[in-house]
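Visitor:
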Amino acid sequence: MVDTIDNLMHESRRFPPDEAFSANAVATPALYEAASEDRLAFWAEQSKSLLHWSKPFTRTLDWTNPPFAKWFDDGELNVAYNCLDRHVLAGNGDRVALYWEGEPGDSRAVTYAELTAEVKKAANLLTALGVREGDRVAIYLPMIPEAIVAMLAVARIGAVHSVVFGGFSAESLRARIDDAQAKLVITADGGWRKGKVAPLKPAVDEALAIDHGDGPAKSVEHVLVVKRGENPVDWTPGRDLWWHDEIAQVSDEHMAKPFAAEHPLFILYTSGTTGKPKGILHTTGGYLTQAAYTHKNVFDLHPESDVYWSTADIGWITGHSYVVYGPLANGATEVIYEGTPETPEPGRWWDIIEKYKVTLFYAAPTAIRGFMKQGRQIPQSRDLSSLRLLGSVGEPINPEAWVWYREIIGDNKTPVVDTWWQTETGAIMVSALPGITTLKPGSAQVPLPGISVDVVTDAGESVGPDEGGLLVITEPWPSMARGIWGDPDRFIATYWEMFKDRGYYFAGDGARKDKDGEIWLLGRVDDVMNVSGHRLSTAEIESALVSHPLTAEAAVVGASDDTTGQAVVAFVIVKDSQRENATSPDEVALELRNHVAQQIGPIARPRQVFVVNELPKTRSGKIMRRLLRDVAEGREVGDTTTLADTAVMQVIAKAVN
Ligand code: PRX
Numbered sequence: 001m002v003d004t005i006d007n008l009m010h011e012s013r014r015f016p017p018d019e020a021f022s023a024n025a026v027a028t029p030a031l032y033e034a035a036s037e038d039r040l041a042f043w044a045e046q047s048k049s050l051l052h053w054s055k056p057f058t059r060t061l062d063w064t065n066p067p068f069a070k071w072f073d074d075g076e077l078n079v080a081y082n083c084l085d086r087h088v089l090a091g092n093g094d095r096v097a098l099y100w101e102g103e104p105g106d107s108r109a110v111t112y113a114e115l116t117a118e119v120k121k122a123a124n125l126l127t128a129l130g131v132r133e134g135d136r137v138a139i140y141l142p143m144i145p146e147a148i149v150a151m152l153a154v155a156r157i158g159a160v161h162s163v164v165f166g167g168f169s170a171e172s173l174r175a176r177i178d179d180a181q182a183k184l185v186i187t188a189d190g191g192w193r194k195g196k197v198a199p200l201k202p203a204v205d206e207a208l209a210i211d212h213g214d215g216p217a218k219s220v221e222h223v224l225v226v227k228r229g230e231n232p233v234d235w236t237p238g239r240d241l242w243w244h245d246e247i248a249q250v251s252d253e254h255m256a257k258p259f260a261a262e263h264p265l266f267i268l269y270t271s272g273t274t275g276k277p278k279g280i281l282h283t284t285g286g287y288l289t290q291a292a293y294t295h296k297n298v299f300d301l302h303p304e305s306d307v308y309w310s311t312a313d314i315g316w317i318t319g320h321s322y323v324v325y326g327p328l329a330n331g332a333t334e335v336i337y338e339g340t341p342e343t344p345e346p347g348r349w350w351d352i353i354e355k356y357k358v359t360l361f362y363a364a365p366t367a368i369r370g371f372m373k374q375g376r377q378i379p380q381s382r383d384l385s386s387l388r389l390l391g392s393v394g395e396p397i398n399p400e401a402w403v404w405y406r407e408i409i410g411d412n413k414t415p416v417v418d419t420w421w422q423t424e425t426g427a428i429m430v431s432a433l434p435g436i437t438t439l440k441p442g443s444a445q446v447p448l449p450g451i452s453v454d455v456v457t458d459a460g461e462s463v464g465p466d467e468g469g470l471l472v473i474t475e476p477w478p479s480m481a482r483g484i485w486g487d488p489d490r491f492i493a494t495y496w497e498m499f500k501d502r503g504y505y506f507a508g509d510g511a512r513k514d515k516d517g518e519i520w521l522l523g524r525v526d527d528v529m530n531v532s533g534h535r536l537s538t539a540e541i542e543s544a545l546v547s548h549p550l551t552a553e554a555a556v557v558g559a560s561d562d563t564t565g566q567a568v569v570a571f572v573i574v575k576d577s578q579r580e581n582a583t584s585p586d587e588v589a590l591e592l593r594n595h596v597a598q599q600i601g602p603i604a605r606p607r608q609v610f611v612v613n614e615l616p617k618t619r620s621g622k623i624m625r626r627l628l629r630d631v632a633e634g635r636e637v638g639d640t641t642t643l644a645d646t647a648v649m650q651v652i653a654k655a656v657n
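Taken in order, the sequence shown gives residues 1 to 657; the numbers are from the UniProt record's numbering.
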């Protein structure tokens, strides 16, 4: 962290907007003026101009019961209608909505007219299966067009989707199904990843059968299965249904009924500081407004000519806001890709950009750092000249990666927008606006027009220039989370208690303001790690580790990593009773790494597991993770005076080296 701050503060490269780009840019300085003049009028105007309201709203914000906001709450709209039908009705039915690229090389182009017809059929199918307004539907699918069809069909009938990333384990899937009491699961037999089929339906079967004492899953009535991987699957007659069989039997006529602006749209689970993931709840009108507004202005979208590609999976918030809702609400043409960037060989992403002439590209710093390692020859052997804007999301982007991205991928000419936001914020909050902002590599820079953020001390006082503190959001915003599913108290405690008197939202990120008042993100200040742009909780991984019979105690830290930003490093104590079963430390480590992957999902697999005899604890028994992080990052161990046993760290450091 110290190194990071130091590097950032010496970063002085600046990239002013290109004149030709500015001349044609979607965003204009007038946005900042309008928003600062009257923030609520600004959002009302954005919402009216970007969306089709079946019943126009007259109230913009109701903040009488903070932190539970209501935006545009007397208006009504249908999200799927906004993302589909209205584009067809406006004469753009033949425009390609999705260029889908399968990992093995198969592909499909789906127009707005076709996507609308598919979603209408799927909406009829969901209704036929008994899914009603407000019911929850779990979606566990690979990146195939049906994933988007499923999400929009759920939204169309006013049900609530909970997309679970396909890389999550059966255990994680089950926990999410139970928490939301999902009635239906939509999955696939399997999807292509790294050159082979990764099975999904077997994980659903396993998830539903898990019995932790209160029996198998009770809420799920049906499992709807898309055929993609052609891998063999078990079948539970009556419960399991093939998507293609069912969809063939329903009509493609479907009237989209409008719902109230605050009708729930989706739940998305994300890791917090405790072991249990939080179901972040988003609603309809405000969410769609900000998703569309940010997608249009931050990515400079010209829907009639651009080809946009966000590499995010629909299992994450970026996949919700910038693969599904933002782009489709704006009538964009976009690419979706099923597989990994290295399949069949490095350079696959660049092939896709060349093939579809992608103009706007949005990816994570981890991927960019990975490509830097592979060398510039790989992208330089492709034609990437169609690109005119690059975006970054998910974690701080170090200036070197930023500059490489612009130079090698963006041919030294494209703007790079570093976008800060979270599952909870629903949409981008802090970012440069292309064509307006002079870009600073490594900084997310400025709040978007309509958004108010600050960097403050623990006491909530605004920090001065060149000072660090905590990032807060000082005014409500349209796409803000409306709560944690089933746990309003946790919503208040996690985000709003810290600066209760001021009514600020506490993001959990450390940040610094520079001399110009612009913002540099410095990473999480809580026990949340950011591995390859994915949020993981130390507590969740620790509880997975102690669920293994070998483990007595475990402590997990996020250690900085050149490629993934942070990596999971675990320290475990083996139970005395298990010492004879614990062969070598290497074997224990391997066993436990695999156990975590199996419990949570491969993204949570620790990079390293160190077997130790003790953990550094304060006299009150709190584990001092800071010291473990020093060891994990190969640094001199910091101040140990508050440890109950000051010698512990020497023993640990020796065990590790
Ligand atoms: O720590 C911040 C980091 O990712 C966290 C949010 O994670 P998640 O809800 O999974 O959403 C990721 C995609 C929006 C934040 O608290 N983060 C996200 N974007 C950036 C970032 N850190 C620095 N710079 C960013 N651009």
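For each residue, glycine too, the CB sits at the ideal point set by N, CA and C.
Examine the ligand PRX and report whether any of its heavy atoms sits within less than 6 angstroms of the Cβ of T564.
Guide: On the sequence shown, residue 564 is found 564 positions in, with the first residue counted as 1. No; taking the cut-off as 6 angstroms, the Cβ of T564 has no heavy atom of the ligand PRX nearer than that.
Visitor: Which two residues bound the contiguous alpha helix (DSSP H) that contains S36?
Guide: As a working note, residue 36 is residue 36 in the sequence shown. A30 to E37 is the extent of the alpha helix (DSSP H) around S36.
Visitor: Quick one: what does DSSP say L77 is sitting in, helix, strand or coil?
Guide: As a position in the sequence shown, residue 77 is number 77, starting the count at 1. Strand, per DSSP.
Visitor: Can you tell me whether R176 is buried or exposed, with buried defined as 16 or more other CB within 10 angstroms of its CB?
Guide: One-based indexing of the sequence shown puts residue 176 at position 176. So R176 counts as buried.
Visitor: Could you name the residues of the same chain whose beta carbon sits closer than 6 angstroms to that of M1, not counting the 5 residues immediately before and after it, in chain order?
Guide: Looking up residue 1 in the sequence shown gives position 1. Residue confidence for M1 is low, a pLDDT of 45 falling below 50, so the modelled location carries little weight and cannot support an answer.
Visitor: List the residues that DSSP assigns as beta-bridge partners of H244.
Guide: Sequence index remark: in the sequence shown, residue 244 carries index 244 (1-based). Answer by DSSP bridge pairing: none, since H244 is not bridged.
Visitor: Measuring alpha carbon to alpha carbon, tell me which residue in W350, L471 and S392 is nearest S386.
Guide: Along the sequence shown, read from residue 1 onward, the residue named residue 386 stands at position 386. When only C-alpha atoms are compared, the closest one is W350.
Visitor: Can you give me the C-alpha to C-alpha distance between A69 and H161, rounded to a whole angstrom?
Guide: Position 69 of the sequence shown holds residue 69. Position 161 of the sequence shown holds residue 161. Answer to the nearest angstrom: the Cα atoms are 21 angstroms apart.
Visitor: Rounded to whole angstroms, what's the CA-CA distance from F72 to G286? Just pull it up for me.
Guide: Position 72 of the sequence shown, counted from the first residue, corresponds to residue 72. Position 286 of the sequence shown, counted from the first residue, corresponds to residue 286. Looking at the two C-alpha atoms, the distance is approximately 7 angstroms.
Visitor: Hey, would you say the C-beta of G326 is under 6 angstroms away from at least one heavy atom of the ligand PRX?
Guide: Taking the first residue of the sequence shown as position 1, residue 326 is located at position 326. It does not: the Cβ of G326 is nowhere closer than 6 angstroms to a heavy atom of the ligand PRX.
Visitor: Among I573, A567 and D214, which residue has its Cα nearest to the Cα of P602?
Guide: Mapped onto the sequence shown, residue 602 falls at position 602. P602 has its Cα closest to that of A567, out of I573, A567 and D214.
Visitor: Look up M1 in the DSSP assignment and say whether it is helix, strand or coil.
Guide: Residue mapping note: residue 1 aligns to position 1 of the sequence shown, counting from 1. At M1, the pLDDT of 45 sits below 50, so the modelled position is not reliable; the number obtained from the coordinates is stated separately. M1 falls in the coil class under three-state DSSP.
Visitor: Can the beta-carbon of G191 be found closer than 7 angstroms to that of A198?
Guide: Sequence index remark: in the sequence shown, residue 191 carries index 191 (1-based). Sequence index remark: in the sequence shown, residue 198 carries index 198 (1-based). Going by C-beta atoms, G191 is nearer than 7 angstroms to A198.
Visitor: W349 by DSSP, collapsed to three states: which one?
Guide: Here residue 349 refers to the residue found at position 349 of the sequence shown. It is helical.
Visitor: Are there 16 or more other CB atoms within 10 angstroms of the CB of Q380, so buried, or fewer, so exposed?
Guide: Walking along the sequence shown from the start, residue 380 turns up at place 380. It counts as exposed.
Visitor: So W402 and G442 are in contact, right, with Cβ under 8 angstroms, and what is the actual spacing, rounded?
Guide: As a first step, residue 402 is located in the sequence shown; it is residue number 402 there, counting from the start. As a first step, residue 442 is located in the sequence shown; it is residue number 442 there, counting from the start. 6 angstroms between Cβ atoms; contact.
Visitor: Name the one or two DSSP bridge partners that S462 has.
Guide: For this step, residue 462 is matched to residue 462 along the sequence shown. DSSP output for S462 lists V456 as bridge partner(s).
Visitor: Given this structure, state the Cα-to-Cα distance separating residue 660 from V416, to the nearest angstrom.
Guide: Here the chain has residues from 1 to 657 only, and residue 660 is not among them.
Visitor: Can you round the beta-carbon distance between L184 and V137 to whole angstroms, since I take them to be within the 8 angstroms contact cut?
Guide: Start at 1 with the first residue of the sequence shown, and residue 184 comes out as number 184. Start at 1 with the first residue of the sequence shown, and residue 137 comes out as number 137. Contact holds; Cβ gap of about 5 angstroms.
Visitor: Give every residue of the same chain whose Cβ lies closer than 6 angstroms to the Cβ of I148, excluding the five residues on either side of it in the sequence, and list them in chain order.
Guide: Mapped onto the sequence shown, residue 148 falls at position 148. If we look at I148 and ignore the five residues flanking it on each side, its Cβ neighbours are V324.
Visitor: I'd like to check one pair, F42 with A34: are the Cβ atoms closer than 7 angstroms?
Guide: Taking the first residue of the sequence shown as 1, we reach residue 34 at position 34. Taking the first residue of the sequence shown as 1, we reach residue 42 at position 42. Taking 7 angstroms as the Cβ cut-off, A34 and F42 qualify as a contacting pair.
Visitor: Can you determine whether any heavy atom of the ligand PRX sits closer than 6 angstroms to the C-beta of A444, and answer yes or no?
Guide: Stepping through the sequence shown from its first residue, residue 444 is reached at position 444. Flag set: Cβ of A444 near the ligand PRX.
Visitor: Shorter than 6 angstroms, the distance from the beta carbon of V393 to the closest heavy atom of the ligand PRX, or not?
Guide: Reading the sequence shown from its first residue, position 393 is the one you call residue 393. V393: yes, Cβ under 6 angstroms from the ligand PRX.
Visitor: How about the stretch 77 to 96 and the stretch 275 to 290: do they share at least three Cβ pairs that are nearer than 8 angstroms?
Guide: Yes, the stretch 77 to 96 touches the stretch 275 to 290.
Visitor: Excluding sequence positions up to five away, which residues of its chain have a Cβ less than 6 angstroms from the Cβ of V372?
Guide: Counted from its first residue, the sequence shown places residue 372 at position 372. The question names Val, but residue 372 is Met in the sequence shown. Once the five neighbours on either side are set aside, the close Cβ partners of M372 are W404.
Visitor: Which of helix, strand or coil does DSSP assign to D402?
Guide: The sequence position of residue 402 within the sequence shown is 402, counting from 1. Looking at the sequence itself, residue 402 is Trp, so the reference to Asp does not match. Helix, per DSSP.
Visitor: Tell me where the alpha helix (DSSP H) around F371 begins and ends.
Guide: Translated into the one-based positions of the sequence shown, residue 371 becomes position 371. Residues P365 to Q374.
Visitor: Put R95 into one of helix, strand or coil per three-state DSSP.
Guide: The residue you call residue 95 lines up with position 95 of the sequence shown. If DSSP states are grouped into helix, strand and coil, R95 belongs with coil.
Visitor: Once the 5 residues before and after D562 are set aside, which same chain residues still bring their CB inside 6 angstroms of it?
Guide: Sequence index remark: in the sequence shown, residue 562 carries index 562 (1-based). Counting only Cβ-Cβ distances below 6 angstroms, and skipping sequence neighbours, we find nothing.
Visitor: Measure the beta-carbon distance from H282 to R482 and round it to whole angstroms, keeping in mind my assumption that it falls under 8 angstroms.
Guide: The residue you call residue 282 lines up with position 282 of the sequence shown. The residue you call residue 482 lines up with position 482 of the sequence shown. Between R482 and H282 the Cβ distance is about 7 angstroms, and since that is below 8 angstroms, they are a contact.
Visitor: Give the secondary structure of T333 by DSSP, where H, G and I count as helix, E and B as strand, and everything else as coil.
Guide: Translated into positions along the sequence shown, residue 333 becomes position 333. In the structure shown, T333 sits in a strand (DSSP, three-state: E or B).
Visitor: Identify the residues that DSSP records as bridge partners of L389: which are they?
Guide: On the sequence shown, position 389 is the one that residue 389 refers to. Its beta-bridge partners are L360.
Visitor: Out of Y112, G166 and Y337, which has the shortest C-alpha to C-alpha gap to G315?
Guide: Within the sequence shown, the letter at position 315 stands for residue 315. Considering only alpha carbons, the answer is G166.
Visitor: Where A364 and D576 are concerned, what is the direct C-alpha to C-alpha distance, given to the nearest angstrom?
Guide: In the sequence shown, counting from the first residue as 1, residue 364 sits at position 364. In the sequence shown, counting from the first residue as 1, residue 576 sits at position 576. A364 and D576: Cα-Cα distance of roughly 43 angstroms.
Visitor: Give the secondary structure of S305 by DSSP, where H, G and I count as helix, E and B as strand, and everything else as coil.
Guide: Mapped onto the sequence shown, residue 305 falls at position 305. It is coil, neither helix nor strand.
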